[in-house]
DNA sequence: GCTGTATTTGACTAACTGGTCAATTAGGTG
DNA sequence: CACCTAATTGACCAGTTAGTCAAATACAGC
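Protein chains in written order, with this note's numbering: chain A, 56 to 274; chain B, 56 to 274.
Written out as structure tokens, the structure reads:
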């Protein structure tokens with residue numbers, strides 16, 4: 056039987072993969088360095104050799120996660136002529152990305168709980184602009200040109216809006232269930248929620264507005 | 056100097072108060088029983104005397120938090136004739152409640168990370184209907200009657216929608232800042248965001264819709 | 001094949017963690 | 001005042017935790 060010969064790259068990746076799983080499952084404080092080492096079938100010293108400390112490892116996990124997510128966003132292109140359809144695809148893509156990568160929500164929640172303490176220490180993550188915002192801007196532009204969207208909609212605000220609704224639905228499903236008595240985990244309810252987010256976004260973007268709604272301020 | 060004579064009620068409350076602060080600041084796994092005892096200036100045994108275990112204490116904290124929040128929601132009544140104005144008040148109330156009680160977000164996030172493990176064990180919290188939903192229903196009804204809102208809007212869906220946006224804005228402000236490079240903590244940006252949520256809600260509820268937006272399904 | 005360097009490991013530790021025990025103290029009640 | 005019960009405490013423990021040390025091992029270049 057071939058003893059696993061040394062292979063720094065593979066080892067590093069394996070640690071990163073298992074650490075992501077552990078940190079996502081148990082959050083920063085709940086995660087155990089020994090447990091990660093056991094998952095990797097490596098001695099704990101390897102983690103310290105490559106990442107210095109538990110915090111260093113967590114930062115590397117965050118960076119890796121952000122890069123993966125960003126790449127996925129960049130690879131997505133809302134094609135097709137219809138801006139309304141493109142906007143729906145955009146929302147669906149965001150929702151699906153979060154469903155496909157539950158570790159993203161877990162890691163971000165853990166990080167926000169610590170007031171972004173680790174992200175602040177990472178130079179690679181700071182001011183990492185989400186490429187999806189550019190796609191939104193483009194779709195909005197086309198929609199305005201075609202007369203289906205109203206002008207002067209901020210793409211960042213719109214992005215935060217629908218990603219909030221997608222994220223929160225998944226992230227807080229357990230306490231929402233406890234408070235409202237509704238199971239948000241079923242496929243059908245998810246589909247309905249995705250449609251609802253799109254509906255809200257499109258109602259907000261629609262051009263055929265007149266009276267009092269958007270742009271107005273209350274006292 | 057008067058040695059603190061025994062007072063079970065006050066002691067219980069003090070433990071609950073300090074435990075809430077500790078669990079909110081450090082989440083369930085990060086919180087330390089010894090630290091809570093130290094905050095209370097009580098021997099650790101008191102926590103075990105009154106709440107049995109760290110988990111029992113956390114459950115009590117969750118229950119207490121829910122009751123407080125629910126009471127606040129119930130006390131709120133969106134008065135006034137104008138349903139549009141009332142809806143804005145409703146959104147503002149929700150946003151402000153989360154700003155006033157940051158521990159709510161911290162505790163709920165911690166609990167969702169554990170897939171609602173503790174909330175499931177609490178009989179007092181299960182299926183605790185949020186009273187604000189009733190207020191929303193009533194405002195929607197009035198709006199439909201006055202012809203400013205369209206009919207058949209689900210109050211629960213609407214509640215989850217705007218509370219998502221309010222909650223997420225506060226909860227994820229640190230990672231949003233890291234990813235988008237925008238400080239979401241300033242008073243002005245908060246005001247703008249509150250207005251934006253209201254705008255979206257009202258655009259969604261508005262009666263004067265015709266063509267394709269709400270209710271439509273994509274493939 | 002020799003040697004230097006990077007990879008990998010087993011054994012260890014000092015501090016901490018949730019939880020327990022037996023003992024002490026204060027208040028209400030007869 | 002004596003007695004019972006509930007509140008409160010100091011001392012302690014077994015298991016765990018992030019992090020360390022020195023040694024061993026494999027690979028690359030000569």
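In this text, a Cβ means the ideal position worked out from N, Cα and C, and glycines have one as well. These numbers come from a predicted model, not from an experiment.
Measuring straight from C-alpha to C-alpha, what distance separates residue i and residue j?
i: residue 137 of chain A; j: residue 186 of chain A; result: 20 Å
i: residue 82 of chain A; j: residue 169 of chain A; result: 11 Å
i: residue 213 of chain A; j: residue 90 of chain B; result: 42 Å
i: residue 189 of chain A; j: residue 167 of chain A; result: 25 Å
i: residue 104 of chain B; j: residue 131 of chain B; result: 36 Å
i: residue 222 of chain B; j: residue 118 of chain B; result: 19 Å
i: residue 191 of chain A; j: residue 224 of chain B; result: 19 Å
i: residue 161 of chain B; j: residue 200 of chain A; result: 43 Å
i: residue 266 of chain B; j: residue 260 of chain B; result: Bear in mind that a pLDDT of 39 at residue 266 of chain B, under 50, signals an unreliable position, so the model cannot answer this.
i: residue 158 of chain B; j: residue 183 of chain A; result: 28 Å
i: residue 69 of chain A; j: residue 120 of chain A; result: 14 Å
i: residue 80 of chain A; j: residue 93 of chain A; result: 15 Å
i: residue 232 of chain B; j: residue 242 of chain B; result: 15 Å
i: residue 129 of chain A; j: residue 122 of chain A; result: 10 Å
i: residue 257 of chain A; j: residue 86 of chain A; result: 41 Å
i: residue 67 of chain A; j: residue 126 of chain A; result: 20 Å
i: residue 63 of chain A; j: residue 124 of chain A; result: 24 Å
i: residue 100 of chain A; j: residue 106 of chain A; result: 10 Å
i: residue 61 of chain B; j: residue 111 of chain B; result: 23 Å
i: residue 262 of chain B; j: residue 202 of chain A; result: 21 Å
i: residue 154 of chain B; j: residue 96 of chain A; result: 45 Å
i: residue 65 of chain B; j: residue 156 of chain B; result: 22 Å
i: residue 244 of chain B; j: residue 210 of chain A; result: 16 Å
i: residue 275 of chain A; j: residue 84 of chain A; result: In this structure chain A extends from 56 to 274, so residue 275 of chain A is not present and cannot be described.
Closer than 6 Å by C-beta to residue i: which residues in its own chain qualify, once you throw out the five before and the five after it? Chain order, please.
i: residue 198 of chain A; result: 138, 204
By Cβ distance, which residues of its chain are closer than 7 Å to residue i, with the 5 residues on each side in sequence left out?
i: residue 194 of chain B; result: 133, 138, 141, 142, 145
i: residue 240 of chain B; result: 228
i: residue 174 of chain A; result: 117, 166, 180
i: residue 98 of chain B; result: 92
i: residue 109 of chain A; result: 88
i: residue 279 of chain B; result: Residue 279 of chain B lies beyond the residue range present for chain B, which begins at 56 and ends at 274; the question has no answer from this structure.
i: residue 102 of chain A; result: 70, 88, 91, 92, 112
i: residue 270 of chain B; result: With a pLDDT of only 44 at residue 270 of chain B, under 50, the local geometry of the prediction cannot be trusted, and the value read off the model is given with reservation. Closer than 7 Å at the Cβ level, and outside the excluded window around residue 270 of chain B, lies no residue.
Within 10 Å of its beta-carbon, does residue i have 16 or more other beta-carbons around it, so buried, or fewer, so exposed?
i: residue 255 of chain B; result: buried
i: residue 253 of chain B; result: buried
i: residue 77 of chain A; result: buried
i: residue 164 of chain B; result: buried
i: residue 171 of chain B; result: buried
i: residue 274 of chain B; result: Only weak support is given to the placement of residue 274 of chain B: the predicted model assigns it a pLDDT of 40, under 50, and the question is left unresolved by the model.
Identify, in the order they occur along the chain, each residue of the same chain with its Cβ nearer than 8 Å to the Cβ of residue i, setting aside the five sequence neighbours on each side.
i: residue 177 of chain B; result: 114, 117, 118
Beta carbon of residue i: closer than 7 Å to some heavy atom of the ligand SAH?
i: residue 211 of chain B; result: As for the ligand SAH, it is missing from this structure, which has no ligand bound.
Pairing CB atoms from the stretch 228-237 of chain A with CB atoms from the stretch 68-78 of chain B, are three or more of them under 8 Å?
no
If contact means a Cβ-Cβ distance below 9 Å, which residues of the stretch 221-237 of chain A contact chain B?
From the stretch 221-237 of chain A, only 221, 222, 223, 224, 226, 227, 228, 229, 230, 231, 232, 233, 234, 235, 236, 237 have a Cβ closer than 9 Å to chain B.
Closer than 8 Å is the cut-off here; do at least three beta carbon pairs connect the stretch 212-231 of chain B with the stretch 146-153 of chain B?
yes
Three or more beta-carbon pairs under 8 Å between the stretch 245-253 of chain B and the stretch 225-233 of chain A, yes or no?
no
Scan the stretch 142-160 of chain A for residues whose Cβ lies nearer than 7 Å to a Cβ of chain B and list them as they occur along the chain.
Per Cβ criterion, the list reads 143.
Can you list, in chain order, the residues of the stretch 172-206 of chain A whose Cβ is nearer than 9 Å to any Cβ on chain B?
172, 174, 175, 177, 180, 181, 182, 183, 184, 185, 188, 203
Between the stretch 94-123 of chain A and chain B, which residues of the former have a C-beta closer than 8 Å to a C-beta of the latter?
So the close ones are 121.
Chain B contacts made by the stretch 81-93 of chain A, where a contact means CB separation under 9 Å:
Of all residues in the stretch 81-93 of chain A, only 81, 82, 83, 84, 85, 86 place a beta-carbon less than 9 Å from a beta-carbon of chain B.
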